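Here the sequence shown is numbered in numbering that gives the first Met the number 0, starting from 0 and rising by one per residue.
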Amino acid sequence: MQVLIGFIVAFALAVVITPLTRALARRFGAMAYPNERSVHSQPVPYLGGVAIYLPSVAAILLTGPQDKATQQAIIFGGLFILIVGIIDDLYTLKPWQKVMGQLGSAIIVVALGVDISFVTDPFTGTIRFIGSLAIPLTILWVMSFENLINLSDGLDGLAAGISGITALVTVFVSARAGVPSVSLAAAAIAGSVFGFLPYNFHPASIFMGDAGAMYLGLAISVISVQGLVKSTVAMAVFAPILALLVPISDAAFAIVRRRSLGRPVSRADHDHIHHRLLELGLGQRKAVIAIYIVTGVFGILGLFSTFLPISGSGPIAGLAVLGVLVVAYKLGILAMPDEKQSSRRRRPKRTE
Numbered sequence: 000m001q002v003l004i005g006f007i008v009a010f011a012l013a014v015v016i017t018p019l020t021r022a023l024a025r026r027f028g029a030m031a032y033p034n035e036r037s038v039h040s041q042p043v044p045y046l047g048g049v050a051i052y053l054p055s056v057a058a059i060l061l062t063g064p065q066d067k068a069t070q071q072a073i074i075f076g077g078l079f080i081l082i083v084g085i086i087d088d089l090y091t092l093k094p095w096q097k098v099m100g101q102l103g104s105a106i107i108v109v110a111l112g113v114d115i116s117f118v119t120d121p122f123t124g125t126i127r128f129i130g131s132l133a134i135p136l137t138i139l140w141v142m143s144f145e146n147l148i149n150l151s152d153g154l155d156g157l158a159a160g161i162s163g164i165t166a167l168v169t170v171f172v173s174a175r176a177g178v179p180s181v182s183l184a185a186a187a188i189a190g191s192v193f194g195f196l197p198y199n200f201h202p203a204s205i206f207m208g209d210a211g212a213m214y215l216g217l218a219i220s221v222i223s224v225q226g227l228v229k230s231t232v233a234m235a236v237f238a239p240i241l242a243l244l245v246p247i248s249d250a251a252f253a254i255v256r257r258r259s260l261g262r263p264v265s266r267a268d269h270d271h272i273h274h275r276l277l278e279l280g281l282g283q284r285k286a287v288i289a290i291y292i293v294t295g296v297f298g299i300l301g302l303f304s305t306f307l308p309i310s311g312s313g314p315i316a317g318l319a320v321l322g323v324l325v326v327a328y329k330l331g332i333l334a335m336p337d338e339k340q341s342s343r344r345r346r347p348k349r350t351e
């Protein structure tokens, strides 16, 4: 019942706070203006991250006693990366400055008691404590999630929907694993995202910006770690990772692609999965919904895997990865740069 209350509280607050945040952004000129990479043609208010952060934190605080480390990591680590993101949205930080901000938020998370103290052998299910590697691995984990969600924020509602579905999957997985504190936090995150999503879905009237995307990445990284550390179900962390397989794969493809072209990894391009779906003529709504469906299917597979012995999760992960590779190949994402150049069709106008 507390989980449902947390979800409803966060959802309702987000529905109310988002229009207020949008009006505030307009008043102070916090707007995303169209550029050569934009899929929007009119200025759109930023600061949507605030409309996600405040409801989720309020719901976490209102739903009763929770694990202190989980609660404080999301609140304080989240606030830090939210501020970094707002500064980036308004003034455009240099890549190294953003990375330092992400590093700072990850250090806060670790300092507040969240860390990956062990890993599970995927073949035997044996738990192996990692000692001194716990802190750097956790920092890398948090920063990776922040960037994953940020990279997926390329179409209206895409990052929000992926994050909401992943958080919702984590609610059920952590409940099944007997970790109610993580279920409560995940429900608060899911509720705030789904309350924000109607304003962010195409045509978006507000963007979450880097602030919202990196906050969601941090929050999801925290609940996934805490679900793993406090769970007796070895595969508790597997479900949210599988739900995020599309952005994980997209990020991996982007790194390989940019390195092969001799470009900085931080340099944006138009070769992400969602861009290729637009090139097929799906339009923003259909492209985003298609990715929602895939994310949901992968999340359900991840949830199903928690009912299997750890050895049974291997085939599920393998099939999911194979499916992503096949789709990526069909979309031309795996083609060599010269093949892309010769076969790419003219991009349609990105409107619905």
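Ideal Cβ positions, reconstructed from N, Cα and C, are used throughout, including at glycine.
Keep in mind that this is a model prediction, so the values were computed, not measured.
query: Where the alpha helix (DSSP H) containing R256 begins and where it ends; result: 244-259
query: Segment limits, alpha helix (DSSP H) that includes F171; result: 157-175
query: Close beta carbons around V14, own chain, < 6 Å, minus the five adjacent residues each side; result: G194
query: Exposure of V325, with buried meaning 16 or more beta-carbon neighbours within 10 Å; result: exposed
query: Exposure label - D155; buried when at least 16 CB within 10 Å; result: buried
query: Cα-Cα separation, D249 to P179; result: 32 Å
query: C-alpha gap between L60 and K97, whole angstroms; result: 29 Å
query: Cut-off 7 Å between Cβ atoms - residues of its own chain near S182, not counting five sequence neighbours on either side; result: V2, V170, S173, A174
query: Beta-carbon proximity of L12 to P54, cut-off 8 Å; result: yes
query: Expected contact under 8 Å - CB spacing of A238 and V141 to nearest Å; result: Wrong, their Cβ atoms sit about 18 Å apart, outside the cutoff.
query: Within-8 Å CB hit, V98 to chain B; result: You won't find chain B in this structure, because it holds only one protein chain.
query: CB contact flag (V287, G103, <8 Å); result: no
query: DSSP-derived helix/strand/coil call for R26; result: helix
query: Straight-line Cα distance separating A110 from A133; result: 12 Å
query: Cut-off 6 Å between Cβ atoms - residues of its own chain near G100, not counting five sequence neighbours on either side; result: V83
query: Alpha-carbon to alpha-carbon, V323 and I74; result: 34 Å
query: Exposure label - I126; buried when at least 16 CB within 10 Å; result: exposed
query: Start-to-end residues for the alpha helix (DSSP H) that takes in R353; result: As displayed, the chain neither begins before 0 nor continues past 351, which places residue 353 out of reach and without an answer.
query: 4 or more residues per run - each alpha helix (DSSP H) lying fully within the stretch 47-134; result: 47-61, 67-71, 77-90, 94-110
query: Nearest neighbour of V49, chosen from S191, L277, L244 [CA to CA]; result: S191
query: Straight-line gap, H273 to L136 (C-alpha atoms, nearest Å); result: 29 Å
query: Contact check, A185 vs A166, beta carbons under 8 Å; result: yes
query: Segment contact, 8 Å Cβ cut-off, at least three pairs: the stretch 84-93 with the stretch 203-221; result: yes
query: Cut-off 6 Å between Cβ atoms - residues of its own chain near R25, not counting five sequence neighbours on either side; result: P44
query: N-terminal and C-terminal residue of the alpha helix (DSSP H) that L307 is part of; result: That residue, L307, is in no alpha helix (DSSP H); it is neither H nor E in DSSP.
query: Straight-line gap, L147 to G216 (C-alpha atoms, nearest Å); result: 7 Å
query: Reduced DSSP secondary structure (H/G/I, E/B, other) of V178; result: coil
query: Reference L157, options Y198, Y291, W95, closest by Cα; result: Y291
query: Contact check, L300 vs L241, beta carbons under 8 Å; result: yes
query: 8 Å contact criterion, which A68 and G112 should meet: CB distance rounded; result: 3 Å
query: Nearest neighbour of G204, chosen from G5, R21, I16, F252 [CA to CA]; result: It should be pointed out that residue 204 corresponds to Ser in this sequence rather than to Gly. Selected option, being the one with the closest Cα: R21.
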